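A.B. asks: Chains as they are written, first to last, in this note's numbering: chain A, 1 to 266; chain B, 267 to 601. A virtual CB, placed ideally from N, CA and C, is assigned to each residue, including glycine. The model shown is predicted, which means the values in this text are computed figures rather than measured ones.
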């Protein structure tokens, strides 16, 4: 309880501090929304020009970018500061975190409030509202619960990937570039049903970089395409569980990496 | 809680790649890197008693910061062990963090975009300091460091001197028995430096805190430390008082006297050599490694001879440290 209270207090102060720089605050929200322009264009073109894609109708396809973006927005809001680890190492901030009686990971997340997440989440919520509004599915309590669980799983899976990059950044700050590449990749391929891509690429985005588990498989299970994904149905349905497991593994890797931290001069 | 620091056979190795000269060398290193293990700290042993201020000195790259990073729980040693207030810092990092305060002169632990007082309040919550206790300690620190003039300013707008004073206060708000200061006064003007030194003296003498200080400022060492640990190339070179360091590396004092009797016979005294004689004027200097300090020598000369005038020439601590750094052995390295 004390930890939650402290975290909330720091977050509140961080938000207040950012709001005092009004223009910067508004620009950050705007950039969060504008950053998603490619997804908005994709959704517009999809709805205006195509009736569907890869055997999915357009309202079903729309559920993929909506799920991915909402999971991404939650990741940016709650766990997204892992992007900055390389910079934090070079600025000596990790050293400072290590001499405070709080977990380093929590301190990284409390370093600043991610104002851009407001933009991300606004666009994502709009997209999700559009996807649900056009959906022909019967949104039972079970389906809604599964969608919420998938969003959390997607958030954790993305966090796991960026935590792994952050672990590398602890030792090699330049590894942060891999984070940018990862973000680019998630943004580029995260909106499509992966069955429209060549099999090798789809396989890579499933078993190499588990992008398919963030939104494609959950959307497939929700829309009744769960048996046509190229992986066993149970595996597609277990996407949120994979997110949880991947995140736990990433946190173990983070702990190991911190134990082997060599500092800015190491 | 005892604020002692115990360091036993502490070593920390880093693996690095040998840089080969030229572009071809860089290419060769890329394909076939030659890796070496370098010891930033090698087999260092020392203690700091509760309530003692110890200066950990050495040239750049000597291993001072690495030692402090191990003692604060930032780094894990390759060999040896350390205890700070009874806790092994790299095994129980968070428990150790509650017992220590740390200031790294070139970095801040304050929140960059928040007013200083908000940072203090966050630290109060993190360390679970009761509000009344926090307020009393802030008042005490304000009296010594004049913080209230700028503690409602955001950290990003503070001058270096203001920021480091706030960092010092932040490091001590939870009343830690042990404090680590890594070049805390670097880049400060003389007035603020003196204020910080006064604050540190107060913390040691009045509050009984144990302080481990690294600095390149020898005035600071002379004003604050009685005992010094000197490291170079990762090895402990000397552990002793300032007088002992002067005796070992800086025996360059001279005592010049004018004798009342120009014809008096002058003979060397124990540990004191007669360096020159010109009528009533005589010059004495240290004789061998067992020589007394300049003040002891002056006392001995005045007691032995009737003099009408005295003058002392003494190497300052900076000269002494320069001699000590040059004297120390080569880097510890293995392929």
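Curious, which full-length alpha helix (DSSP H) runs of at least 4 residues does the stretch 113 to 142 of chain A contain?
C.D. replies: Within the stretch 113 to 142 of chain A, the complete alpha helix (DSSP H) runs of at least 4 residues are 116 to 134.
A.B. asks: In the DSSP output, which residue or residues are listed as bridge partners for residue 305/B?
C.D. replies: Answer by DSSP bridge pairing, in chain order: 279/B.
A.B. asks: What does the Cβ neighbour count give for residue 117/A, buried or exposed, with the cut at 16 atoms within 10 Å?
C.D. replies: Buried is the call here.
A.B. asks: Can you tell me which of 231/A, 38/A, 110/A puts its alpha carbon nearest to the alpha carbon of residue 212/A?
C.D. replies: Cα-wise, what sits closest to residue 212/A is 231/A.
A.B. asks: Measure how close the beta-carbons of residue 308/B and residue 480/B come, nearest whole angstrom, since I'm counting them as under 8 angstroms.
C.D. replies: 17 angstroms between Cβ atoms; not a contact.
A.B. asks: Start and end of the alpha helix (DSSP H) containing residue 67/A?
C.D. replies: Its alpha helix (DSSP H) spans residues 58 to 79.
A.B. asks: Checking the sheet assignment: what are the DSSP bridge partners for residue 53/A?
C.D. replies: The partner list for residue 53/A (beta bridge, DSSP) reads 56/A.
A.B. asks: Nearest to residue 156/A by CA position, among 194/A, 171/A, 141/A, 248/A, is which residue?
C.D. replies: Per the Cα distances, 248/A.
A.B. asks: What does residue 350/B pair with, by DSSP beta-bridge criteria?
C.D. replies: Answer by DSSP bridge pairing, in chain order: 271/B, 353/B.
A.B. asks: Taking residue 175/A and residue 169/A to be in contact with their CB atoms under 8 angstroms, please state how far apart those CB atoms are, rounded to whole angstroms.
C.D. replies: Yes, residue 175/A and residue 169/A are in contact; Cβ-Cβ is about 5 angstroms, under 8 angstroms.
A.B. asks: Going by the beta-carbon positions, is the gap between residue 154/A and residue 67/A smaller than 9 angstroms?
C.D. replies: Yes, the pair counts as a contact, with Cβ atoms nearer than the cut-off.
A.B. asks: Between residue 601/B and residue 302/B, what straight-line distance do the alpha-carbon atoms span, to the nearest angstrom?
C.D. replies: Per-residue confidence for residue 601/B stands at a pLDDT of 36, beneath the threshold of 50, marking its modelled position as unreliable; the derived number appears in the next sentence. Cα to Cα, the separation comes out at about 5 angstroms.
A.B. asks: Going along the chain, which residues of its own chain have a beta-carbon closer than 7 angstroms to the beta-carbon of residue 391/B, five neighbours each way excluded?
C.D. replies: Taken in chain order, the list of residues that qualify is empty.
A.B. asks: Please go through the same chain and pick out, in chain order, the residues whose beta-carbon is closer than 7 angstroms to the beta-carbon of residue 362/B, but skip the five residues on each side of it.
C.D. replies: These residues qualify, in order along the chain: 339, 350, 353, 355.
A.B. asks: For the beta strand (DSSP E) containing residue 206/A, name the first residue and the last one.
C.D. replies: Careful: residue 206/A lies outside any beta strand (DSSP E) and carries neither H nor E.
A.B. asks: The alpha helix (DSSP H) with residue 179/A in it runs from where to where?
C.D. replies: From DSSP, the alpha helix (DSSP H) with residue 179/A extends over 176 to 189.
A.B. asks: Going along the chain, which residues of the stretch 393 to 412 of chain B sit with their C-beta nearer than 9 angstroms to a C-beta in chain D?
C.D. replies: Structure shown: chain D not included; protein chains present are A and B.
A.B. asks: Shorter than 9 angstroms from the beta carbon of residue 86/A to some beta carbon of chain B?
C.D. replies: So no, residue 86/A is outside the interface.
A.B. asks: Spell out whether any CB of chain B is found under 9 angstroms from the CB atom of residue 263/A.
C.D. replies: It does; some Cβ of chain B falls within 9 angstroms.
A.B. asks: Are the stretch 454 to 471 of chain B and the stretch 551 to 567 of chain B touching by the rule of at least three beta carbon pairs closer than 8 angstroms?
C.D. replies: Because the criterion of three Cβ pairs below 8 angstroms is not met, the stretch 454 to 471 of chain B and the stretch 551 to 567 of chain B do not touch.
A.B. asks: Look up residue 172/A in the DSSP assignment and say whether it is helix, strand or coil.
C.D. replies: DSSP places residue 172/A in coil when its eight states are reduced to three.
A.B. asks: Helix, strand or coil: how does DSSP classify residue 476/B here?
C.D. replies: Residue 476/B: strand per DSSP, three-state reduction.
A.B. asks: Can you have a look at residue 137/A and say buried or exposed, based on whether 16 or more other CB atoms are within 10 angstroms of its CB?
C.D. replies: Exposed is the call here.
A.B. asks: Among 560/B, 531/B, 473/B, which has the Cα closest to the Cα of residue 407/B?
C.D. replies: Looking at the Cα atoms, 473/B is the closest of the given residues.
A.B. asks: At which residues does the beta strand (DSSP E) containing residue 95/A begin and terminate?
C.D. replies: Run containing residue 95/A: none in the beta strand (DSSP E); it sits in the alpha helix (DSSP H), 93 to 98.
A.B. asks: Does any residue of chain A bring its CB to less than 9 angstroms from the CB of residue 230/B?
C.D. replies: What is shown of chain B runs 267 to 601, which leaves residue 230/B out entirely.
A.B. asks: Do residue 70/A and residue 132/A count as a contact pair if the criterion is CB distance below 9 angstroms?
C.D. replies: No, Cβ-Cβ distance for residue 132/A and residue 70/A is not below 9 angstroms.
A.B. asks: Does chain B have any CB closer than 9 angstroms to the CB of residue 2/A?
C.D. replies: For residue 2/A, the answer is yes, since a Cβ of chain B falls inside 9 angstroms of its Cβ.
A.B. asks: With a Cβ-Cβ cutoff of 9 angstroms, do residue 317/B and residue 269/B count as a contact?
C.D. replies: The answer is yes: Cβ separation under 9 angstroms.
A.B. asks: Does any residue of chain B bring its CB to less than 9 angstroms from the CB of residue 92/A?
C.D. replies: Taking Cβ atoms only, chain B reaches closer than 9 angstroms to residue 92/A, which makes this a yes.
A.B. asks: Excluding sequence positions up to five away, which residues of its chain have a Cβ less than 6 angstroms from the Cβ of residue 477/B?
C.D. replies: Result list for residue 477/B: 319, 445, 470, in chain order.
A.B. asks: Classify residue 539/B as buried or exposed, calling it buried when 16 or more other Cβ atoms lie within 10 Å of its own Cβ.
C.D. replies: Exposed: under 16 other Cβ atoms inside 10 Å.
A.B. asks: Where does residue 520/B sit, in a helix, a strand or coil, going by DSSP?
C.D. replies: Strand.
A.B. asks: Quick check on the burial criterion: 16 or more other C-beta atoms within 10 angstroms. Buried or exposed for residue 38/A?
C.D. replies: Counting Cβ neighbours within 10 Å, residue 38/A comes out exposed, since fewer than 16 surround it.
A.B. asks: Based on the DSSP output, what are the partners of residue 85/A in its beta bridges?
C.D. replies: According to DSSP, residue 85/A bridges with nothing at all.
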